[in-house]
Amino acid sequence: MTSPPTSLTIDIRPAPARVWTPTGVNIYKKHFDKSNEKLKEHISNASIETYGQIAKVLQVDTVTSLANGRNTFLLAGTGFGKSRIAEMYYQLIPGRYKAVVLVLNPLDTLGDNQVLEKVQAGFTAINLTKLTFNEQTAKEILIGDYHGPAEKQTSSHLRHQDSGLFQPSYGKLGAQLLFRNNKPLLLLSATCRPMATEAIMKSLKLTDESLDILRGELTRPEIRIIRVTMSNSLSSSLDVIKLFPSKLDVSDNNMVPTLVYSGSCNRTMAVLEAIDRARETPDQSKFANSTCARRFHSCTGDKDKEKCIEEFADGKFPLISCTMALGLGKNWKR
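Position 50 of the sequence shown, counting from 1, maps to 50 under full-length UniProt numbering, and the rest follow consecutively.
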């Protein structure tokens, strides 16, 4: 008999011994001296203590690969728990190092969303943009006011760069990343075609021998994808009307929590107007504290975006019209 096929595969080359650098950041010496099996056991136990959940095998394998000093690329679907991996790796590093994590995002708003998540998890974080990255902020980073574990590219970035146009987006990072004092890179993606993977490796000057690729489920079996044939233009968003019931039939607090993704500012508003028509509640979406649907977009204020996420998570309203700047996995877990 043959064993059933599995969709979880790991592409890892024989790794050299862990590197202990005389300067820079190292993991705890007691963890450094452990075998891979003992280290994985510790990571699993730490996950239960921190999150109250058993870590997934691929999460543990990814953290172990980083602890071994290996550049690691994890391909796993939305909601897998990719963003938690950096936090798990950070727990292996002594606090005295004041380690810093640099997260590269294509959108400022996505950075804001991740900062809010890290602050809620007990980390200090800042979204570095042209407006916030100044001399004072740089000094604060150097003294350890903002800390974290590894470098990563978000799934949103890779989704935007599936055409392979990676290098023009962030400039010539490859040459800069050659001087990392033997510290690993963490790349994360939910949707990344081979063409994009090759472009990323070329831009970052990574080879097959220097990068471990871990592949998990790219879909979540518990999520049903329903195909709806469109009869109107995408910009009008009128097809949304068919998806939502009238308020006379289903009250706001009985609606299924929903994130409606659009590609532009105008479309996020068009979706809200279509929802109003479906719910038979004219202009309801124009109210900032609507109990049915609200908008999350870069055009809204920072405090408004924070309030939108918090109240959606608390169940105060069921629908958000947003762009990809609002992370899928984190917010689906409501």
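C-beta: ideal position from N, C-alpha, C; glycine also.
Quick caveat, the model's predicted, so the values are computed rather than measured.
Query                                                                                                                      : Result
Through-space distance from T268 to L92, alpha-carbon basis                                                                : 41 Å
Member of P245, L319 and Q59 whose CA lies at the smallest distance from the CA of M88                                     : Q59
Beta-carbon proximity check, I85 vs T64, cutoff 8 Å                                                                        : no
Where T229 falls: helix, strand or coil (DSSP)                                                                             : coil
Three CB pairs or more closer than 8 Å across the segment 280-294 and the segment 313-320                                  : yes
Residues of its chain near L173, where Cβ-Cβ distance is below 7 Å and the 5 sequence neighbours each way are ignored      : S203 and L204
Three-state secondary structure assigned by DSSP to D304                                                                   : helix
Proximity below 8 Å, CB of S262 to CB of S321                                                                              : yes
Rounded C-alpha distance that separates T323 from S264                                                                     : 7 Å
Local conformation of residue 337 per DSSP, three classes                                                                  : Any answer about residue 337 is impossible in this case: the structure gives the chain only from 1 up to 334.
Cβ-based neighbour list, C308, same chain, cut-off 6 Å, excluding 5 preceding and 5 following                              : R294 and F296
Pair within 8 Å by beta-carbon distance, K82 and L188                                                                      : yes
Best match in N71, E273, V256 and G77 for proximity to K183 [C-alpha to C-alpha]                                           : N71
Chain-order list of residues whose beta-carbon lies under 8 Å from that of N266 (same chain, five-residue window excluded) : S235
Beta-carbon separation (whole angstroms), G301 vs L75, contact threshold 8 Å                                               : About 35 Å; that fails the 8 Å criterion.
Helix, strand or coil at V260 according to DSSP, with G and I counted as helix                                             : strand
C299 classed as buried or exposed, judged by whether at least 16 other C-beta atoms fall within 10 angstroms               : exposed
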